[in-house]
Amino acid sequence: MNIYEDYKNYSLDNAELINKLKSSNSKIMIMIEDVIKLLDYLALKVSDGANLSKEEDEIFDIGYGYYSNTIHSLSTYYNDYFNKDLFIFEYYVEIMIDIIYIDDILGYLDSIESKNTSSIIKLNNLSKELDDIMLKKSKLDKAYLTKIGYIIEECLPTKNDYQPAHIIFQMMCEELHL
Numbered sequence: 001m002n003i004y005e006d007y008k009n010y011s012l013d014n015a016e017l018i019n020k021l022k023s024s025n026s027k028i029m030i031m032i033e034d035v036i037k038l039l040d041y042l043a044l045k046v047s048d049g050a051n052l053s054k055e056e057d058e059i060f061d062i063g064y065g066y067y068s069n070t071i072h073s074l075s076t077y078y079n080d081y082f083n084k085d086l087f088i089f090e091y092y093v094e095i096m097i098d099i100i101y102i103d104d105i106l107g108y109l110d111s112i113e114s115k116n117t118s119s120i121i122k123l124n125n126l127s128k129e130l131d132d133i134m135l136k137k138s139k140l141d142k143a144y145l146t147k148i149g150y151i152i153e154e155c156l157p158t159k160n161d162y163q164p165a166h167i168i169f170q171m172m173c174e175e176l177h178l
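Anchor point for the sequence shown: position 45 equals 45 in my numbering, and the numbering is continuous, going up by one each time.
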C-alpha cells in the first residue's frame, strides 16, 4: 500500500467523525478543511495515473502527517474525553484549536532547530494544561481563553516566516482554485 491509498483508508476510517464535524459546522474544521481538499486533490491525481512532482509529493507527505495527527487528537477528544458528545466537544473547540496550533508551532520550532527552549517549554506546558482542562471537563472563562492567546503569541517565532499549516494549505487551495 502506498501513502495515497493509506490516506484514503485513513479518511474512510475517520469519515464518521469528519462528517459530524462538517454537518455541525464545527469551528475546528478551519484547521483541517483545506488540508483535506488538497490531499484529496493530490490523491485523486495519483489514482488517475498522474505522477506528482517532488514538491507535490512533499506537500502531500507534510499534509498527511498534519492531517493524521490532528484527526487522531480530535478522535481521542471526541471518543475518549467527551464520550461522543458533540455538545461537550464544541464547548472545548477553542482549546482544541489552540492545541493544534501549539503542536504546529512546536513542529516548526523543531524544523528550524530552534534553541528557544523557553518558548518550547512554555508551549509544551500550555498544551498539557489545556489537555488536562478537557480531560477534567473544567469550566472555561473568556479571561483564560484570552490569556492562552497571549502566551501563544509571545512564543511565536519572530525572526522567521512562520505560517500555521492550515493557512499554508488554505493559500495553496486558493492558488489551485479548490
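Built from N, CA and C at the ideal position, the CB exists for glycine as well.
In the displayed model, Asp104 falls within a helix according to three-state DSSP. Comparing alpha-carbon positions, the option among Asp98, His177, Thr117, Ala165 lying closest to Tyr150 turns out to be Asp98. Across the structure, Lys22 and Leu86 are spaced so that their CA atoms are roughly 12 Å apart. Here the alpha carbon of Met134 sits roughly 15 Å from the alpha carbon of Ile28. DSSP places His177 outside both helix and strand once states are collapsed to three, so it counts as coil. When the five nearest sequence neighbours on each side are left out, the beta carbons in the same chain lying within less than 6 Å of the beta carbon of Ile148 are those of Asp98, in order along the chain.
Residue Ser75 holds the alpha-carbon nearest to the alpha-carbon of Leu17 among Leu38, Leu156, Ser75.
Between Asp141 and Ser111, the alpha-carbon positions lie close to 34 Å from each other. Considering only Leu145, Val93, Ile152, the residue with the shortest C-alpha distance to Ile120 is Ile152. By the beta-carbon neighbour count (other beta carbons within 10 angstroms, threshold 16), Met31 is buried. Here Ala15 has no same chain residue with a Cβ atom under 8 Å from its own Cβ, once five neighbours each way along the sequence are excluded. With respect to the C-alpha of Lys137, the residue from Lys128, Gly63, Ile88, Asn9 having the closest C-alpha is Ile88. In chain order, Ile99, Ile102 place their CB closer than 6 Å to the CB of Ser127, counting only its own chain and leaving out the 5 sequence neighbours on each side.
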